[in-house]
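2 protein chains.
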Amino acid sequence: MAGHKQAAPLRADDLTAKARIRNAALILFAENGVDATSLRVVAEAAGVTVGLIVHHYGTKEALREAVELAIVDQFEVAIESVPLNSQPPAKVVTERDLAVARMLQQTPAIVDYLRRAILDGKGERGDLVSRLSELTAQQVRELRDAGLASTKNTLGEQVISIMVRQLGRLFLQPLVDQIADEFAAELTGSQKPRLTVTVER
Amino acid sequence: MAGHKQAAPLRADDLTAKARIRNAALILFAENGVDATSLRVVAEAAGVTVGLIVHHYGTKEALREAVELAIVDQFEVAIESVPLNSQPPAKVVTERDLAVARMLQQTPAIVDYLRRAILDGKGERGDLVSRLSELTAQQVRELRDAGLASTKNTLGEQVISIMVRQLGRLFLQPLVDQIADEFAAELTGSQKPRLTVTVER
DNA sequence: TAGTAACTCGTACAAACGTACAGTCACTAA
DNA sequence: TTAGTGACTGTACGTTTGTACGAGTTACTA
Chain A
-10 MAGHKQAAPL RADDLTAKAR IRNAALILFA ENGVDATSLR VVAEAAGVTV
40 GLIVHHYGTK EALREAVELA IVDQFEVAIE SVPLNSQPPA KVVTERDLAV
90 ARMLQQTPAI VDYLRRAILD GKGERGDLVS RLSELTAQQV RELRDAGLAS
140 TKNTLGEQVI SIMVRQLGRL FLQPLVDQIA DEFAAELTGS QKPRLTVTVE
190 R
Chain B
-10 MAGHKQAAPL RADDLTAKAR IRNAALILFA ENGVDATSLR VVAEAAGVTV
40 GLIVHHYGTK EALREAVELA IVDQFEVAIE SVPLNSQPPA KVVTERDLAV
90 ARMLQQTPAI VDYLRRAILD GKGERGDLVS RLSELTAQQV RELRDAGLAS
140 TKNTLGEQVI SIMVRQLGRL FLQPLVDQIA DEFAAELTGS QKPRLTVTVE
190 R
């Protein structure tokens, strides 16, 4: 299942038109939402015409699917960049966390897209969130088999803990930033507040 | 500034058509987003025709404004339902928190709408978030004048702390719920996990 | 009672959207 | 060379959207 990924580069200058379309769509979807982004502005951003988008992806929904697939891909690549047996198992967890964090920081559009996806998520199986949860669950199972992750809590609880800790802070940051900007005059000198999200029970 | 509010009831059966339109819009905007909600479905939900919406509100943007105004109104009413001098000042804070929490629980559409508003927030002054921040700031100032709230942290920090603690949990809950549903089989017996959001520094 | 203002409806329209399709170009295989 | 295939363009079409507007109805006032 963890086959060799081609990793579909999200950042490069010489890409096929098909990839340029997908990357432009990710950025625009993340920034303005899928509904508010017309295929025409995607085409313009990618330097192609609307017809070509239809040619390559068929429908807008299929383009969205491709964008989400690319996002899951990035997560997989980041996680697999730290193999299970490469380090003392205690370090694998924190290293993988770091790799994902670096990936998200390098492609902030993914964070923005995820925020919207979770918001609009119809909770259907096959959802983007579902796929990421499954990915996380696999990771937890791996760690358990290696005798590392505790088996005291249920798998579901561990998955929630990981994803919410990782994503929750990123989701709430815009709220913090906006408020911080408005009271910038009174937040003298000190850096912007930081969030921590914890899951209990 | 804290004049007598007419409180614009959000839940009642005998309302003017104008109010029914606003309430239907709040619910539908919250559920599907503003862009994905056509004036025609709002009209149907309110039991009127599209023409009447235009007559009362002019544009869709103005209708959205009215919805947001009604939300801010609800917050004000909830806060002012616990007057400053009604109780020992130590209790005023927790009682006001409770009043707001009750209001949000009673009208969950407000929570959903807020989640979307923060997401799409263009960060402009006059925003919904801006207005709520200002409302919170006023509250904090009142408490400071009463000698209750600490003046050790800046006003901005206190506003962020209050709003994020109050709203952050509600925003992340759908994420937790969706994941919890998918691992329902493994979350045997135990209730759903609970979130806590804290702000540092 | 007459009149006027507000409420409500139904229709109409321009703009924007996603999609379909015919056609052009470049390149490869036979 | 010829036939064919995939990338790519431009136009066109049907649908849905927000908005405009005239006409009918109700309610209140003089």
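Heads up: the protein sequence lines correspond to chains A and B, in order.
Per my numbering, the first sequence starts with residue -10, numbered consecutively.
Per my numbering, the second sequence starts with residue -10, numbered consecutively.
Glycine is no exception: its CB is placed at the ideal position from the N, C-alpha and C atoms.
Going along chain A, which residues have a C-beta under 7 Å from residue i?
i: B/Ala169; result: Gly145 and Ile149
i: B/Leu28; result: In chain order: nothing, as chain A lies at least about 16 Å away.
i: B/Ser122; result: Ile168 and Glu171
Do residue j and residue i count as a contact pair if the criterion is CB distance below 8 Å?
i: A/Val100; j: A/Leu93; result: yes
i: B/Gly157; j: A/Leu161; result: yes
i: B/Arg120; j: B/Ala55; result: no
i: B/Val71; j: B/Glu50; result: no
i: B/Ile149; j: A/Pro77; result: no
i: B/Ala35; j: B/Arg9; result: yes
i: A/Leu164; j: B/Ile151; result: no
i: A/Ala98; j: A/Leu15; result: yes
i: B/Gln155; j: B/Val66; result: no
i: A/Leu117; j: A/Glu57; result: yes
i: A/Gln128; j: A/Thr96; result: no
i: B/Ser207; j: A/Ile68; result: Given a span of -10 to 190 for chain B in the structure shown, any question on residue 207 of chain B remains unanswerable.
Put residue i into one of helix, strand or coil per three-state DSSP.
i: B/Thr38; result: coil
i: A/Val71; result: coil
i: A/Leu184; result: strand
Indicate whether at least one CB of chain B lies closer than 8 Å to the CB of residue i.
i: A/Pro97; result: no
i: A/Arg105; result: yes
i: A/Ser139; result: no
i: A/Val61; result: no
i: A/Phe18; result: no
i: A/Phe64; result: no
i: A/Gly157; result: yes
i: A/Arg9; result: no
For residue i, would you say it is in contact with chain A, using Cβ-to-Cβ distances shorter than 8 Å as the test?
i: B/Thr48; result: no
i: B/Leu164; result: yes
i: B/Glu175; result: yes
At 9 Å on the CB atoms, spell out the chain A contacts of residue i, in chain order.
i: B/Gly36; result: Those do not exist, as B/Gly36 stays about 26 Å from chain A at its closest Cβ, beyond 9 Å.
i: B/Thr187; result: Leu184, Thr185, Val186 and Thr187
If residue i and residue j are in contact, beta carbons under 8 Å, what's the gap, nearest whole angstrom?
i: A/Leu124; j: A/Val37; result: Wrong, their Cβ atoms sit about 31 Å apart, outside the cutoff.
i: B/Ala32; j: B/Val39; result: 5 Å
i: A/Leu41; j: A/Val30; result: 14 Å between Cβ atoms; not a contact.
i: A/His45; j: A/Lys80; result: About 42 Å separates the two Cβ atoms, so there is no contact after all.
i: A/Ala135; j: A/Gln147; result: Not a contact, Cβ separation roughly 14 Å.
i: A/Leu184; j: B/Val186; result: 7 Å
i: B/Glu175; j: A/Thr140; result: Incorrect: roughly 11 Å between the Cβ atoms, too far for contact.
i: A/Tyr102; j: A/Ala19; result: 4 Å
Since residue i meets chain B, which of its residues come closer than 9 Å, beta carbon to beta carbon?
i: A/Asp24; result: Gly22, Asp24 and Ala25
How would you list, in chain order, the residues of chain B whose beta-carbon sits under 8 Å from the beta-carbon of residue i?
i: A/Leu108; result: Arg104, Arg105, Leu108 and Pro163
i: A/Met152; result: Leu164 and Ile168
i: A/Val118; result: Leu164, Gln167 and Ile168
Any heavy atom of the ligand MG inside 7 Å of the beta-carbon of residue i?
i: A/Leu124; result: Absent from the structure shown: the ligand MG. Ligands present: none.
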